[in-house]
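A quick write-up on the structure given underneath.
Residue numbers (the numbering used here): 95 to 294.
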């Protein structure tokens, strides 16, 4: 691994990884009704999944072993309810991670580096290629295509939380971060209506 990649990786770990561990610990301990234990079960489920996968167990066997060891549920309805709550929690962890990535984007990525207009401008100037660039721009065209991946679509309320949480992280405002984590825990992700192309 090159020194640049190693530095970038360390910077990512510091700005995203460590903060995720801190804020995720805070998030998983929030006292929401009926889901108090859910956050603490996620690392146990992860460990069970990793160990079960190494042993060649099927997903069904892994989940059944997890429920047998960690709960005393007898009804299918109870296990489905807990699985649903686990998925809800994990969805919110993904949003937390997204917010932390957004907050640190400028520090992690070189916004003036290779591939940017700023870099191109400097290269053209340094190499005295203004005329060649002007000629190329006469027949150059770009077509903007907007796409949205359905699994990356968040409701407006969730996007607002990501935005506000990113700003609170950058401002090192723990009280605001805590408040946005609470909002994140209470905000529904599921939409009853399919998003329109405009929404996407």
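The beta-carbon is built from N, C-alpha and C at its ideal position, and this holds for glycine as well. This one's a predicted model, so the numbers in the text were calculated from it and none came from an experiment.
With a Cβ-Cβ cutoff of 8 Å, do residue 110 and residue 185 count as a contact? Result no, Cβ atoms of residue 110 and residue 185 do not sit closer than 8 Å.
If you drop the 5 nearest sequence neighbours on each side, which residues of the same chain put their C-beta closer than 7 Å to that of residue 252? These residues qualify, in order along the chain: 189, 281 and 283.
Among the candidates 197, 131, 176 and 170, whose CA atom is the shortest distance from the CA of residue 265? Of the candidates 197, 131, 176 and 170, the residue whose Cα lies closest to the Cα of residue 265 is 197.
Can you tell me where the alpha helix (DSSP H) holding residue 193 begins and where it ends? For residue 193, the uninterrupted alpha helix (DSSP H) run begins and ends at 170-202, by DSSP.
Close Cβ partners of residue 164 (< 7 Å) along its chain, the five nearest in sequence each way excluded: Hits under 7 Å: 135 and 138.
Who are the near neighbours of residue 78 in its chain, counting only those whose CB is closer than 6 Å to its CB and skipping five residues on each side? Here the chain comprises residues numbered 95 to 294, so residue 78 is not present and cannot be evaluated.
Candidates 240, 179 and 202, of which the one nearest residue 108 by Cα: Minimum Cα distance to residue 108 is reached at 202.
If the criterion is Cβ atoms closer than 8 Å, does the pair residue 117 and residue 275 meet it? Yes, Cβ-Cβ distance for residue 117 and residue 275 is below 8 Å.
Three-state secondary structure (DSSP) at residue 119? Look at residue 119 here: in three-state DSSP terms it is helix.
Report the rounded CA-to-CA distance for residue 140 versus residue 267, giving the unit in angstroms. Spanning the two alpha carbons is a distance of roughly 30 Å.
Is residue 280 helix, strand or coil by DSSP? Taken through DSSP and simplified to helix, strand or coil, residue 280 comes out as helix.
Test item: CB-CB of residue 160 and residue 167 under 8 Å: Going by C-beta atoms, residue 160 is not nearer than 8 Å to residue 167.
Work out the CA separation of residue 225 and residue 250 for me, nearest whole Å. C-alpha separation (whole angstroms): 46 Å.
Do the CB positions of residue 248 and residue 120 come within less than 8 Å of each other? No, the pair does not count as a contact, with Cβ atoms beyond the cut-off.
Output needed for residue 270: all residues of its chain with C-beta closer than 6 Å, excluding positions within five of it in sequence on either side, in chain order. The residues are 262.
Start-to-end residues for the alpha helix (DSSP H) that takes in residue 230: The continuous alpha helix (DSSP H) containing residue 230 extends over residues 224-232.
DSSP state of residue 267, grouped into three classes? Secondary structure at residue 267: coil, using DSSP grouped into helix, strand and coil.
Among residues of its own chain, excluding the 5 on either side of residue 213, which ones have a beta-carbon nearer than 8 Å to its beta-carbon? Cβ neighbours of residue 213 beyond the five flanking positions: 206 and 207.
Residue interval of the alpha helix (DSSP H) (run including residue 133): Annotation for residue 133: the continuous alpha helix (DSSP H) segment containing it runs 132-148.
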